[in-house]
Amino acid sequence: EVQLVESGGGLVQPGGSLRLSCAASGFTFNSCEMNWVRQAPGKGLEWISYISTSGSTIYYADSVKGRFTISRDNAKNSLYLQMNSLRAEDTAVYYCARMSGSYVGTDYWGQGTLITVSS
Amino acid sequence: DIQMTQSPSSLSASVGDRVTITCRASQGIRNYLAWFQQKPGKAPKSLIYAASSLQSGVPSKFSGSGSGTDFTLTISSLQPEDFATYYCQQYDIYPLTFGQGTRLEIK
Numbered sequence: 205e206v207q208l209v210e211s212g213g214g215l216v217q218p219g220g221s222l223r224l225s226c227a228a229s230g231f232t233f234n235s236c237e238m239n240w241v242r243q244a245p246g247k248g249l250e251w252i253s254y255i256s257t258s259g260s261t262i263y264y265a266d267s268v269k270g271r272f273t274i275s276r277d278n279a280k281n282s283l284y285l286q287m288n289s290l291r292a293e294d295t296a297v298y299y300c301a302r303m304s305g306s307y308v309g310t311d312y313w314g315q316g317t318l319i320t321v322s323s
Numbered sequence: 200d201i202q203m204t205q206s207p208s209s210l211s212a213s214v215g216d217r218v219t220i221t222c223r224a225s226q227g228i229r230n231y232l233a234w235f236q237q238k239p240g241k242a243p244k245s246l247i248y249a250a251s252s253l254q255s256g257v258p259s260k261f262s263g264s265g266s267g268t269d270f271t272l273t274i275s276s277l278q279p280e281d282f283a284t285y286y287c288q289q290y291d292i293y294p295l296t297f298g299q300g301t302r303l304e305i306k
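Each protein sequence line maps, in turn, to chains A and B. According to the working numbering, the first sequence is numbered sequentially starting from 205. According to the working numbering, the second sequence is numbered sequentially starting from 200.
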């Protein structure tokens, strides 16, 4: 069974940092591209970052570029999101999501982890 | 960035009804269009990829169509568990972009 389990969420002050993790199981992690998607309270879905299977190709949304860093450790079946210089508008539930190839797109989502940026 | 516009933003329907949601891209995206269902407090669930292909385990009551800029999601024979928010997403070009969502409510 495919499982994606996010962790690392919580309350952080503006300007602070946080590192999210996504533990993958039930599939060959190093064969799948991965994304982070977030959802602010009461709002829609916002894609924020992509990483290729090897980690050699990375994309970011303009809203997080220069502040967030996506990475992966295929040996540990894990995806990460390092979040720096956090702002109130970064408050959201953060989901990791698996892509089963560029044609199939996103097929599995984690349960999400809530980040609250507030003083 | 490619803008995705869904309509309607909300929709009221009855159990047993058939409904259609539309998604329009600001530029052509071939058929790289996905649909997701999200229930309150839950993660999104993937329904359709490549505009018309069902993800594994998704019932055939869900169907999608379209190519280029105009796409539709149709849900037939609505059941109580189908009332949720639906999002389209283009995955042809980064940044990936979502529609604003369509909230499907029970009439």
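Ideal placement from N, C-alpha and C gives every residue a C-beta, glycine not left out.
At a Cβ-Cβ threshold of 8 angstroms, residue 302 of chain B and residue 273 of chain B do not count as neighbours. Its chain contains 289 and 291 as the residues whose beta carbon lies nearer than 6 angstroms to that of residue 228 of chain B, once the 5 sequence neighbours on both sides are disregarded; these appear in chain order.
For residue 209 of chain A, no chain B residue has a C-beta closer than 8 angstroms to its own C-beta; the minimum C-beta separation is roughly 11 angstroms. Proximity of residue 296 of chain B to chain A, defined by a Cβ-Cβ separation below 8 angstroms, is satisfied. Distance from the CA of residue 263 of chain A to the CA of residue 215 of chain B, rounded to the nearest whole angstrom, comes to 42 angstroms. Assignment of residue 304 of chain B by DSSP, reduced to helix, strand and coil, places it in the strand class.
Using a CB distance below 9 angstroms, the part of the stretch 251 to 268 of chain A facing chain B consists of 251, 252, 254, 263, 264, 265 and 266, ordered along the chain. Going by beta carbons, residue 295 of chain B and residue 251 of chain A fall inside the 8 angstroms limit. The beta carbon of residue 313 of chain A sits closer than 8 angstroms to some beta carbon of chain B. The beta carbons of residue 320 of chain A and residue 224 of chain A sit about 13 angstroms from each other, so the pair does not count as a contact at 8 angstroms. For residue 249 of chain A, the neighbours in chain B by C-beta distance under 7 angstroms run, in chain order, 243, 286 and 297. By the criterion of at least three beta-carbon pairs nearer than 8 angstroms, the stretch 284 to 298 of chain A is in contact with the stretch 212 to 223 of chain A. Every unbroken stretch of the beta strand (DSSP E) spanning 3 or more residues and falling wholly within the stretch 218 to 281 of chain B is given here in chain order: 218 to 224, 232 to 237, 244 to 248, 261 to 266 and 269 to 274.
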